[in-house]
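Trainee: There's a structure below that I have some questions on.
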Amino acid sequence: MMQETAAAEPESTRSAQSADEGAPPGSIVTYTVGLVFALLLTGASFIVSQTDLLWAPGVPAGLAVLAIAQMGVHLVFFLHISTGADNTNNVVALAFGLLIVTLIVSGSLWIMAHLNTNMVPMSAILEMHR
Amino acid sequence: MNASPATAPLAGPQSHSASLSYSGGGPASRRIVVGYGFWIFLLSDIIMFSALFATYAVLSGQTAGGPAGHDLFELRHVGAETLCLLFSSYSCGLGALALERRRMSAFYINFALTFVLGAAFLGLELGEFAGLTARGAGPSRSAFLSAFFSLVGLHGAHVTAGLLWLCFMVAQVAARGPRDFVRRRLLCFSLFWHALDIIWVALLTLVYLMGAR
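Read top to bottom, the protein sequences are chains A and B.
With numbering that gives the first Met the number 0 applied, the first sequence covers 0 to 129.
With numbering that gives the first Met the number 0 applied, the second sequence covers 0 to 212.
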């Protein structure tokens, strides 16, 4: 049984290889659908930021959601990140990249927002130098 | 995988290669490996941008008595930049697709369009920078403007590098034809160009749309 699959493998490899060397993922339809989604989401972002359609304190959250959705559209329709078997490595790398980005951005904001509470007040510094 | 592990006999000479081919198709093609490597580069580039995004988010309120975002940004202008970049991304995708299908004239037309739209974006951005500097809102005015110019400027520098790369790629296609290695390089270029669009989405939202309110 093992021999059978081993013997069958080179053929399937060759056909898979020539298939993906010849035909890349995506088609004109994919790109057009992606463009339409991206245009809609961009338009929605501008509308949300310029009108009072959304409850004012919720606007940054709304804009963030729209931006993340549009990045997802770009990844799927333009960069062809998918759940396919030959795409697993790309998805894992993307997940790791997202982890690092989240750590850098949220960590920086967290630390910088609390920096003042741990500092010696300016008046005390002036006192020390006197 | 065709053979279930329970029924497969133990350690034959083939078991090594069988354990590598868990995705079912043997070793990945060169195109997939090249795309993966370039994708890792793009992710590291995005991580570099995230440090500048964090800097901008921390410093965006530190205007030192100078102009803030809502005094400076013109959303009509920014909207035009967004459309330029989005449509250039679209035409880049169509151009790469045309090359794969050996439609050479469609490839040249789409890549010429990509170049024109990318250059238009760059022109709009440089115009904005010149306008800001002329109004005394240059990068040395405040911490907010330093962070703004380094973040937006780095994206602009990436677009400039992308335009140069685009010219090289078109020359390469013209000289060498749609061979495998040329098409792999073009794949990397189109990944780069689309990734710039993703960064622009984050930039548009954080810097311009949230800043202009």
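Quick reminder that beta carbons are idealized off the backbone N, C-alpha and C, glycines included.
Looking at chain A, which residues of the region 34 to 46 of chain B have a Cβ within less than 9 Å of any of its Cβ atoms?
Mentor: Gly-34, Tyr-35, Trp-38, Ile-39, Leu-41, Leu-42, Ser-43, Ile-45, Ile-46
Trainee: Quick check on Tyr-107/B - is its C-beta less than 7 Å from some C-beta in chain A?
Mentor: no
Trainee: Tell me which residues share the same chain as Ala-79/B and place their Cβ nearer than 7 Å to its Cβ, disregarding the 5 neighbours each side in the sequence.
Mentor: Leu-123
Trainee: Taking CB distances under 7 Å as the criterion, tell me whether His-69/B reaches chain A.
Mentor: no
Trainee: With burial defined as no fewer than 16 other Cβ atoms inside 10 Å of the residue's Cβ, what is the status of Gly-21/A: buried or exposed?
Mentor: Bear in mind that a pLDDT of 44 at Gly-21/A, under 50, signals an unreliable position, so the number given afterwards is only what the model happens to contain. It counts as exposed.
Trainee: Could you tell me whether the region 142 to 151 of chain B touches the region 30 to 46 of chain B, where touching means 3 or more Cβ pairs closer than 8 Å?
Mentor: no
Trainee: Are at least three pairs of beta-carbons, each pair with one atom in the region 91 to 98 of chain B and one in the region 183 to 193 of chain B, less than 8 Å apart?
Mentor: yes
Trainee: If I follow the unbroken alpha helix (DSSP H) through Trp-192/B, where does it start and stop?
Mentor: 179 to 202 is the span of the alpha helix (DSSP H), which, as asked, contains Trp-192/B.
Trainee: Quick check on Ala-170/B - is its C-beta less than 7 Å from some C-beta in chain A?
Mentor: no
Trainee: State yes or no: is the C-beta of Leu-150/B within less than 7 Å of the C-beta of Leu-51/B?
Mentor: The Cβ atoms of Leu-150/B and Leu-51/B sit closer than 7 Å to each other.
Trainee: Got a sec? Which residues, its chain only, sit under 6 Å from Phe-48/B by beta carbon, not counting five neighbours each side?
Mentor: Answer for Phe-48/B: Ile-198, listed in chain order.
Trainee: Check this for me: beta carbons of Arg-221/B and Val-169/B, under 7 Å apart or not?
Mentor: The structure shown has nothing for residue 221/B, since chain B only spans 0 to 212.
Trainee: Using only the alpha-carbon positions, how far apart do Trp-164/B and Ile-80/A sit?
Mentor: Going from the Cα of Trp-164/B to the Cα of Ile-80/A covers about 23 Å.
Trainee: Let me make sure I understand the geometry here. Which of Thr-132/B, His-154/B, Leu-205/B, Leu-96/B has the alpha-carbon closest to that of Leu-65/A?
Mentor: Leu-205/B
Trainee: With respect to the alpha helix (DSSP H) encompassing Glu-80/B, which residues constitute its N-terminal and C-terminal limits?
Mentor: If you look at Glu-80/B, you'll find it in the alpha helix (DSSP H) that goes 74 to 99.
Trainee: Does the beta carbon of Val-151/B come closer than 7 Å to any beta carbon on chain A?
Mentor: no
Trainee: Can you grab the Cα-Cα spacing for the pair Ala-156/B / Glu-126/A, in whole Å?
Mentor: Approximately 46 Å, taken between the alpha carbons.
Trainee: Using a Cβ-Cβ cut-off of 7 Å, state whether Asp-85/A counts as contacting chain B.
Mentor: yes
Trainee: Taking 7 Å as the threshold (C-beta atoms), are Met-121/A and Val-200/B in contact?
Mentor: no
Trainee: Reducing DSSP to helix, strand and coil, say where Ser-17/A ends up.
Mentor: Only weak support exists for where Ser-17/A lies, its pLDDT of 40 falling under 50; the value from the coordinates is given anyway. Correct three-state label for Ser-17/A: helix.
Trainee: Kindly list the residues whose CB is nearer than 7 Å to the CB of Gln-16/A, restricted to its own chain and excluding five residues on each side of it in sequence; keep chain order.
Mentor: A caution first: Gln-16/A carries a pLDDT of 39, below 50, which makes its placement in the model unreliable, though a value can still be read off. The answer is none, since no qualifying residue turns up.
Trainee: Of the residues Phe-188/B, Leu-58/B, Ser-139/B, Ala-211/B, which one's Cα is nearest the Cα of Phe-40/B?
Mentor: Phe-188/B
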